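For the sequence shown, the working numbering gives the first residue as 35, with consecutive numbering after it.
Cβ atoms here follow ideal geometry from the backbone N, Cα and C, with glycine treated the same way.
All of these numbers come straight from a predicted model, not from anything done at the bench.
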Amino acid sequence: MFWYRKRHVDRVAWTEPPVNAGTAAPLYYDPFDAGIDRHVHAVWARMREEQPAYWNDRYGFWALSRFEDVWAGYHDTATFSSTHGVMPESLDEPFGMPLVIFMDPPEHDWMRKLVAPAFTPRRIAALESRVAELVGQYLDPFVGSPGFDYVEDFGALLPAMVIGHMLGVAEADRDMVRRWFDDLMHHEEGSAGPTTAGLNAIGSIMNYATALIAERRRHPGDDMITVLLDAEVDAGPGPRRLTEDEVVSFVVLLAGAGVETVARLLSWAAVTLARHPGERKLLVEDPSLIPGAVEELLRYEAPSPVNGRWTLRPFRAHGVEIPAGSKVLLLNGSANRDPREFDDPDRFDVRRKTSRHISFGYGAHFCIGAALARLETRVALAGTLARFPRWDIDPSELVPVQTSTVRGFGSVPIHLD
35 MFWYRKRHVD
45 RVAWTEPPVN
55 AGTAAPLYYD
65 PFDAGIDRHV
75 HAVWARMREE
85 QPAYWNDRYG
95 FWALSRFEDV
105 WAGYHDTATF
115 SSTHGVMPES
125 LDEPFGMPLV
135 IFMDPPEHDW
145 MRKLVAPAFT
155 PRRIAALESR
165 VAELVGQYLD
175 PFVGSPGFDY
185 VEDFGALLPA
195 MVIGHMLGVA
205 EADRDMVRRW
215 FDDLMHHEEG
225 SAGPTTAGLN
235 AIGSIMNYAT
245 ALIAERRRHP
255 GDDMITVLLD
265 AEVDAGPGPR
275 RLTEDEVVSF
285 VVLLAGAGVE
295 TVARLLSWAA
305 VTLARHPGER
315 KLLVEDPSLI
325 PGAVEELLRY
335 EAPSPVNGRW
345 TLRPFRAHGV
355 EIPAGSKVLL
365 LNGSANRDPR
375 EFDDPDRFDV
385 RRKTSRHISF
395 GYGAHFCIGA
405 ALARLETRVA
415 LAGTLARFPR
425 WDIDPSELVP
435 VQTSTVRGFG
445 SVPIHLD
């Protein structure tokens with residue numbers, strides 16, 4: 035499964051070192067190393083300047099770190115294939131599950147058309163009042179309190195409830211499903227695979243999704259699964275519908291990936307705004323800046339900063355010939371801080387006017403759930419700032435969460451005035 039190797043790292047002081055940290059040590063980048071991950075922007079800065087086409091001999095992958103290279107890679111599906119998945123640890127073989135994010139055009143194109151009706155602007159916009167209601171349910175009990183865990187008590191719960199609502203998961207079951215995904219994603223240090231609880235969770239998730247889909251076939255509703263079951267496109271010789279396995283896989287993908295992205299982005303919001311109280315004050319005084327602040331958060335700390343590809347043909351970058359059949363990491367987290375694209379990129383600025391960033395990918399594989407993630411984060415941030423205009427964090431209390439493709443925190447205790 036594509037979310038293995040998640041690490042819940044021990045509580046440790048997570049500080050923000052200068053990006054231009056010393057460069058005496060040999061340049062080394064490893065997406066599996068939690069220590070490197072804590073200071074990864076300094077590493078990426080060196081890669082952009084010293085080795086923009088970087089080779090990791092230990093794991094046998096290339097990495098592109100400059101904005102234009104990453105941007106071009108996302109658009110060039112004829113060279114950079116998604117069929118081997120996106121995780122560095124699994125790029126050697128084609129990915130076995132029928133997931134749209136692990137397909138290339140033209141198969142990817144008609145599969146995306148099949149699922150697009152579940153993400154129309156009308157459907158996403160209609161969720162705003164429900165998201166605001168959930169934000170109030172989670173945050174109101176903490177008004178007047180000394181503090182709470184912004185992720186465990188809020189950020190990890192909100193997206194699970196939203197995606198559960200969209201899929202038609204019974205409200206009483208949504209937290210159970212979220213906990214299954216937590217078990218599935220948890221990775222013990224030193225192990226390359228899932229825990230026993232994770233293996234059990236795989237079966238529970240698949241069985242639950244299969245049963246839910248069968249129920250929707252018998253009793254259609256106004257939910258995403260019903261939309262997926264009814265979707266049909268012209269795929270060449272005739273109409274094409276999603277197979278049973280494809281519907282199950284897509285439901286599992288939505289329930290897992292959608293929750294993870296928003297939870298990590300909200301964790302970064304809590305940490306980044308605590309570190310930049312002046313920028314937070316601007317948002318409190320002028321909430322109209324919040325949509326732009328969401329884009330700046332995405333640029334500044336991409337929740338999914340690494341995406342792997344498999345090369346179908348050779349290409350050349352920065353004087354280096356990279357052959358066909360190579361593993362390449364597109365470092366959108368690094369690209370988003372490339373000074374060739376952004377002025378003063380290591381400065382967090384909620385008034386920054388950003389025409390583009392790559393936190394949701396781009397091109398054929400632009401995240402189909404991007405509008406939903408933006409809506410959830412915008413409403414969550416507005417609700418947070420309206421109730422809690424100031425908070426502090428203690429770096430020693432932060433619990434980082436890391437996979438080879440995800441960065442953020444699993445626990446962010448915030449201390450209120």
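Residue i classed as buried or exposed, judged by whether at least 16 other C-beta atoms fall within 10 angstroms
i	result
F215	buried
P447	buried
N366	buried
E294	buried
G290	buried
S111	Per the sequence presented here, residue 111 reads as Thr, with Ser not at that position. Flag for T111 reads buried.
R374	exposed
L233	exposed
G119	buried
D320	exposed
T345	buried
A150	exposed
W89	exposed
V134	buried
T439	buried
A226	Because the pLDDT at A226 is just 45, under 50, the model does not fix this residue reliably, and the value given afterwards should be weighed accordingly. A226 should be labelled exposed.
A79	buried
G224	Its pLDDT being 44, under 50, G224 is placed unreliably by the model, and the measurement read from it follows with that caveat. That one is exposed.
D372	buried
P514	Because the chain here runs from 35 to 451, residue 514 falls outside it and cannot be looked at.
R390	exposed
A160	exposed
P357	exposed
P379	buried
F394	buried
Sequence-distant residues of the same chain with beta carbon closer than 8 Å to residue i, five excluded per side
i	result
D143	A398
P180	H449, L450
L316	L323, V384, R385
V286	I239, M240, A243
V282	M240, A243, T244, I247
I70	Y62, Y63, D64, V77
V413	E162, V165, A166, V169
R453	This structure gives no information on residue 453, because the portion of the chain shown stretches from 35 to 451.
S115	D138, R343, W344, T345, L346
P155	A405
D126	H118, K361
A206	none
Sub-8 Å separation of residue i and residue j beta-carbons
i	j	result
D1	M210	The displayed coordinates of the chain run from 35 to 451. Any statement about residue 1 would go beyond what the structure contains.
L335	D383	In the sequence as presented, Leu is not what sits at residue 335; that position holds Glu. No. Outside cutoff.
V74	I392	no
T388	V296	no
W16	P337	No information on residue 16 is available, as it lies outside the stretch 35 to 451 that the chain covers here.
L262	R251	no
L192	L168	yes
D138	T117	yes
S99	A369	yes
P122	F95	yes
L300	V185	yes
R328	R408	Per the sequence shown, residue 328 should be read as Val rather than Arg. For V328 and R408, yes; Cβs fall inside 8 Å.
L246	V318	no
Y396	Y108	yes
A97	M81	yes
G292	G255	no
I427	A308	yes
A509	Q436	The structure shown has nothing for residue 509, since the chain only spans 35 to 451.
R157	P434	no
Same chain, Cβ closer than 6 Å to residue i, five either side skipped, listed in chain order
i	result
G170	none
R212	A194
R421	L173, V177
A55	Because A55 sits at a pLDDT of 49, beneath the cut-off of 50, its placement in the model cannot be relied upon, and the following sentence gives the value as read from the coordinates. Within the same chain, A55 has close Cβ partners A76.
N341	V120, L364
Close beta carbons around residue i, own chain, < 7 Å, minus the five adjacent residues each side
i	result
D183	S445, V446, P447
P325	R412
P348	E355, I356, P357, A358
S333	Contrary to the premise, residue 333 reads as Arg rather than Ser in this sequence. Excluding sequence neighbours, R333 sits near N370, T388, H391, S393.
Closer than 8 Å to chain D by CB, residue i
i	result
Y172	Although the question refers to chain D, the structure presented lacks it and comprises just one protein chain.
At 4 residues or longer, what runs of the alpha helix (DSSP H) sit wholly inside the segment 305 to 368?
Segments of the alpha helix (DSSP H) lying fully in the segment 305 to 368: 311 to 319, 324 to 334.
Which residue spans inside the segment 146 to 185 form an unbroken alpha helix (DSSP H) run of at least 4?
Segments of the alpha helix (DSSP H) lying fully in the segment 146 to 185: 155 to 159, 162 to 173.
4-residue-minimum alpha helix (DSSP H) runs that sit fully inside the segment 222 to 266, ordered along the chain:
Taken in chain order, the unbroken stretches of alpha helix (DSSP H) that lie wholly in the segment 222 to 266 and span 4 residues or more are 230 to 252, 258 to 264.
Just list the alpha helix (DSSP H) runs in the segment 357 to 439, keeping only unbroken ones of 4 residues or longer that don't cross its boundaries, in chain order.
The qualifying runs are 366 to 369, 404 to 421.
Going residue by residue through the segment 61 to 135, where are the continuous alpha helix (DSSP H) segments of at least 4 residues, counting only ones entirely within it?
Within the segment 61 to 135, the complete alpha helix (DSSP H) segments of 4 residues or longer fall at 68 to 72, 74 to 84, 101 to 109, listed in chain order.
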